[in-house]
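Comments concern the structure below.
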Amino acid sequence: MEEKHAERIVAEVRAQVEELSGTVDMFSSFVISIKDETNSGLATLKDRIRPKLQQFYPKELGADYQTTIEVHLRALEDVQVGVVNDDIYVGGRYRKNIRGISNTPISFARNTNPNPNKAAQKTERRRKRREQQKSLEATDSLSDVAGECASAIIRLRAVSDWVEPIKEYFKGAKTIFMSSGREDIDVKMLGEGRPFLARIEKPTANLPKKMYKMVTVTANSPGLGSGLGSGLGSGIENPERLERLKNPEVEEYEVSYDPIEVPHSLDKSVELLDTALVDGKAAGELMKRIEDSKKKEYQVRIFTKAPKETVKANLATSGWTENEAGDLFTAQIDLCQKTPIRVAHRRANLDRARSIYNCTISQVTSYDALGEGEGGAEDSAEGGAAQSPSTIQLSLTADAGTYIKEFVNGDLGRTVPSLSSMVGKYCDVFELDVSRIDAVYPVPAIILTGISLVMGGEE
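Residue numbers (UniProt numbering): 1 to 459.
Here it is as structure tokens:
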């Protein structure tokens, strides 16, 4: 009896998987998951079904990706089957060329119809939050901000939006976007960009396909000779292969993935660089190390009420010197930074020891807010420059985790020392760019295959 039930259930599962294969791509390696709610008393039913299914849907040793076949036995005559593909990870770097773009989406609602009754207002706010969530789930993530301003919900563009075409290519359920740190919405991310990792959940189309080809290798082949046993990407995984490679030449199958081309027509406000299909775990670990340890270079434009001569004199008193190019320079400043006020609601209140290096002020200019802007000729002619506020152009390198805005403004004494304390007047950032992150990402060892973004349409 049990055998009869098992055969019938296996046939039903195969029929449903075959039907699903018309709409959902699957990997070549499978995992069988069975949930039995039949209460049939047939304790060995699952044990009979699983090996039969594994004959048709085997699991490959060392597969990067797998498809899980989920079998739900609601009753002996009621079998439901679903397939779920492993998540796909895409890594690369992004360069943010304009300000006003956040790292991940920011949305908020306007109160378009205030209610004088407080209890009614509270109920109305709850209703709007529910509607907002439903609207965001149903709205395309790249919806036009100007158009949304006419409604109660405003959504700002985010760096993660530029990954959406990749998600659409793989027909994923959603994308989880992660980056190695993040810059503020009003900060550019220039240079070689910032490392990112996108997890595309439950992909259903255009899945990565393996290529197999016969190649001739030797122990001295690139990546095999000096790298024996060196870890991920070395190609040496077992003693048998080491023994084979003692021969002058050996023929082996080389396994790789087909290159991937993704249509991508978004503008270049954000650029994705060196995108690739990557090992998700290794990429995540590498990004965390970069975030925790790698230095960053910045360009900062600063406003202060101190006149330029006062700026120069006070910085000289604080140990800054003039280099051969005529710039003010200091090699290193050691900071004690308490958690900034602006992030204290989400971060522990700690003292952090940080250092900044190679601080160079290349320009201090008188600022005339009512006249000709920076260095206006009218100020000099009237002798007013000595009393005018100043702008400062500062470049520096900082430890990972340094709060640059707070180094400049002092954060009400929570960052010591600060540029404000050295200048003797309050200083504030009005333009900040990350110009370089001292890191290589993604590295070859974590790349499965490259992803080319094929630009099309209007930019």
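For every residue, glycine included, the Cβ atom is placed at its ideal position computed from N, Cα and C.
For M455, the secondary structure class from DSSP, reduced to helix, strand or coil, is strand. Secondary structure of L412 (DSSP, three-state): coil. In this structure, the CA atom of D274 is about 14 Å from the CA atom of A445. Non-local beta-carbon contacts of I166 in its own chain, meaning distances under 6 Å to residues more than five positions away in sequence, involve V90, V262 in chain order.
Relative to the Cα of D411, the nearest Cα in the group N85, P340, A306 belongs to P340. In this structure, the straight-line span from the alpha carbon of R352 to that of D184 is close to 20 Å.
Shown here for R199: same chain residues with a beta carbon closer than 6 Å to its own, the five before and five after excluded, namely D87, Y89, I176 in chain order.
Per DSSP, reduced to three states, the secondary structure at D292 is helical. With fewer than 16 other beta carbons inside 10 angstroms of its own, F430 counts as exposed. Using a Cβ distance threshold of 8 Å, A173 and E201 count as a contacting pair. In chain order, A400 place their CB closer than 7 Å to the CB of S293, counting only its own chain and leaving out the 5 sequence neighbours on each side. Under the DSSP assignment, N314 falls in the alpha helix (DSSP H) whose first and last residues are 308-317. The three-state reading of DSSP puts F329 in strand, counting E and B together. Sequence-distant partners of S388 (beyond 5 residues in either direction) whose C-beta falls short of 7 Å from its own C-beta, in its chain, are P307, S366, Y367, D368, D379. By the criterion of a C-beta distance shorter than 6 Å, Q363 is surrounded in its chain by Q393, once the five residues flanking it on both sides are discounted. One thing to note: N358 has its Cβ no nearer than 8 Å to the Cβ of T317.
Rounded to whole angstroms, the Cβ separation of Q54 and I32 is 6 Å, and the two are in contact under 8 Å.
Here K171 is near P203, since their CB atoms are less than 8 Å apart. For the 8 Å CB-CB criterion, L20 and P208 do not form a contact.
Secondary structure at G181: coil, using DSSP grouped into helix, strand and coil. Three or more beta-carbon pairs separated by less than 8 Å are not found between the segment 264-281 and the segment 403-417, which leaves the two stretches without contact.
The beta-carbon separation of S28 and E60, rounded to 6 Å, stays under the 8 Å limit for a contact. About 14 Å separates the beta carbon of G92 from that of L266, a gap too long to meet the 8 Å contact definition. Rounded to whole angstroms, the separation of the alpha carbons of S160 and I404 is 24 Å. DSSP places D186 in no beta strand (DSSP E); its state is neither H nor E.
Of the residues T330, T68, K188, the one whose Cα lies closest to the Cα of V13 is T68. Taking S102 as the centre and dropping the five residues before and after it, the same chain places the C-beta of L156, R157, A158, V159, I185 closer than 8 Å to its C-beta, in chain order. Inclusion of W162 and V270 in the CB contact set at 8 Å is warranted, their separation being smaller than that value.
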